[in-house]
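Comments concern the structure below.
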Ligand SMILES: [Mg+2]
């Protein structure tokens with residue numbers, strides 16, 4: 010696989026910086042954005058307040074104890090949203106592949122933009138400059154070959170940082186960092202790691218499976234990959250990929266419902282595989298049907314809870330097709346499609362609480378074999394023959 014160029018852009022103390030920008034009296038002062046005087050928690054802390062150990066998610070009362078002169082302003086979410094739109098517009102000037110993680114944070118895959126804008130570090134620098142010009146706010150940027158390392162890099166020189174980690178110096182730069190930089194390692198997991206004397210990324214990278222299996226269970230391999238800076242999740246455009254689908258136009262029209270169902274299985278496999286690779290779950294399953302006379306129909310069903318298991322989505326698409334056929338008996342079908350929409354992340358922000366949790370073991374096996382040998386290497390028995398080759 011060709012190396013990718015991934016940027017993680019993260020605005021510095023976003024809400025607090027917006028407030029300080031808009032009100033000169035707040036500049037240079039310890040400030041938090043958050044609700045209610047002694048109730049509520051800190052939503053964002055200015056860098057001046059962080060010197061007192063104040064962090065987001067800390068109770069405001071606790072923050073006040075640490076800094077009696079602390080200033081507080083109530084959040085203005087719709088205002089932050091409009092600033093966020095300006096920032097995301099900047100991102101999209103540089104790449105269509107922008108995956109928003111929150112109002113002030115995104116992954117950008119700029120692999121396709123290098124010819125246009127120079128190397129990935131130049132792009133990072135240009136994005137920072139453009140954001141500053143448009144919003145008078147600073148961002149920190151991490152540049153790497155994957156999401157995981159880019160995200161770690163953006164945090165290494167905050168605020169206003171620009172850190173590049175290449176494949177060559179990845180190990181050297183990650184190794185000395187505290188193991189908590191690996192996304193998904195929460196407080197409880199961290200305690201267990203410390204008890205096992207694993208404190209740095211290096212400690213984790215060099216740990217034996219036996220050491221960490223009791224802590225990470227089925228995420229052990231993934232965790233060891235992360236510690237080695239390996240991450241092949243694609244950047245999913247939060248705009249573009251509102252749905253994932255596969256469809257096929259047939260040389261000869263289909264009229265046998267058994268054959269149609271088998272085709273739906275093939276299409277479902279393609280769609281579900283892409284979902285699983287991207288760590289997404291479908292909230293809606295759609296079937297697209299085009300008849301020989303080119304009239305086109307879609308039928309959909311909500312999937313609750315959302316899922317990405319091939320068997321489940323195939324069963325739903327067959328059900329949708331069967332009820333459509335009942336309404337349109339004797340139809341000759343020119344095209345079939347299976348789509349997944351209302352996509353959600355398999356797990357919000359937690360790498361270890363897993364993208365394959367809901368997948369049947371057979372899906373995982375098929376995915377793994379296909380990753381190694383290509384898409385044609387394995388199919389379920391019922392998809393091995395195709396109508397246009399019969
Ligand atoms: Mg931020």
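In my numbering, the protein residues as written are 10 to 399. The beta carbon of each residue, even a glycine, is placed where N, CA and C say it ideally should be.
Any non-hydrogen atom of ligand 1 within 7 angstroms of residue i CB
| i | result |
| --- | --- |
| residue 19 | yes |
| residue 113 | yes |
| residue 116 | no |
| residue 23 | yes |
Contact under 8 angstroms by Cβ, residue i with residue j
| i | j | result |
| --- | --- | --- |
| residue 245 | residue 349 | no |
| residue 266 | residue 345 | no |
| residue 240 | residue 146 | no |
| residue 277 | residue 347 | yes |
| residue 18 | residue 142 | no |
| residue 62 | residue 75 | yes |
| residue 205 | residue 184 | no |
| residue 188 | residue 208 | yes |
| residue 167 | residue 150 | no |
| residue 176 | residue 338 | no |
| residue 284 | residue 317 | yes |
| residue 329 | residue 269 | no |
| residue 64 | residue 51 | yes |
| residue 172 | residue 89 | no |
| residue 194 | residue 182 | no |
| residue 96 | residue 20 | yes |
| residue 55 | residue 68 | no |
| residue 275 | residue 340 | no |
| residue 229 | residue 292 | no |
| residue 281 | residue 311 | no |
| residue 116 | residue 159 | yes |
| residue 124 | residue 152 | no |
| residue 227 | residue 288 | no |
| residue 255 | residue 279 | yes |
| residue 110 | residue 23 | no |
Closest residue to residue i among the options (Cα-Cα distance)
| i | options | result |
| --- | --- | --- |
| residue 343 | 88, 114 and 298 | 298 |
| residue 170 | 16, 332, 376 and 326 | 16 |
| residue 70 | 49, 87 and 53 | 49 |
| residue 86 | 44, 74 and 79 | 44 |
| residue 192 | 238, 301, 206 and 82 | 238 |
| residue 53 | 33, 74, 29 and 34 | 29 |
| residue 307 | 34, 179 and 326 | 326 |
| residue 290 | 351, 197 and 41 | 351 |
| residue 126 | 37, 14 and 180 | 14 |
| residue 83 | 300, 41, 90 and 287 | 41 |
| residue 92 | 31, 67, 255 and 274 | 31 |
| residue 8 | 118, 236 and 110 | With the chain running from 10 to 399 in the structure shown, residue 8 is simply not present. |
| residue 140 | 271, 33, 99 and 90 | 99 |
| residue 199 | 181, 24 and 224 | 224 |
| residue 235 | 310, 155 and 293 | 155 |
| residue 80 | 34, 174 and 288 | 34 |
| residue 251 | 186, 108 and 229 | 108 |
| residue 186 | 210, 243 and 197 | 210 |
| residue 332 | 320, 309 and 25 | 309 |
| residue 320 | 303, 372, 212 and 302 | 372 |
| residue 315 | 294, 242 and 304 | 294 |
| residue 179 | 324, 214, 286 and 201 | 214 |
First and last residue of the uninterrupted alpha helix (DSSP H) at residue i
| i | result |
| --- | --- |
| residue 261 | Where residue 261 is concerned, there is no enclosing alpha helix (DSSP H), although the beta strand (DSSP E) it sits in stretches over 252 to 263. |
| residue 141 | 129 to 144 |
| residue 158 | 156 to 163 |
| residue 183 | 179 to 183 |
Residue-level contact to chain B via CB, residue i, 8 angstroms cutoff
| i | result |
| --- | --- |
| residue 14 | Of the chains in the structure shown, none is chain B; there is only one protein chain. |
Residue i, enclosing beta strand (DSSP E) - first and last residue
| i | result |
| --- | --- |
| residue 236 | Not the beta strand (DSSP E): residue 236 falls in the alpha helix (DSSP H), residues 229 to 236. |
| residue 150 | 148 to 153 |
| residue 171 | 171 to 173 |
Q | Whole beta strand (DSSP E) elements within the segment 287 to 359, 3-residue minimum | A | 289 to 300, 305 to 316 and 342 to 350
Q.
Which complete beta strand (DSSP E) runs does the segment 10 to 89 hold, if anything under 3 residues is left out?
A. 15 to 20, 40 to 43, 51 to 54 and 80 to 82
Q. Which ranges does the alpha helix (DSSP H) cover as unbroken runs of at least 4 residues, wholly within the segment 189 to 218, from first to last along the chain?
A. 196 to 204 and 210 to 214
Q | Every unbroken beta strand (DSSP E) within the segment 97 to 127, with a cutoff of 3 residues, ordered by chain | A | 107 to 111 and 114 to 118
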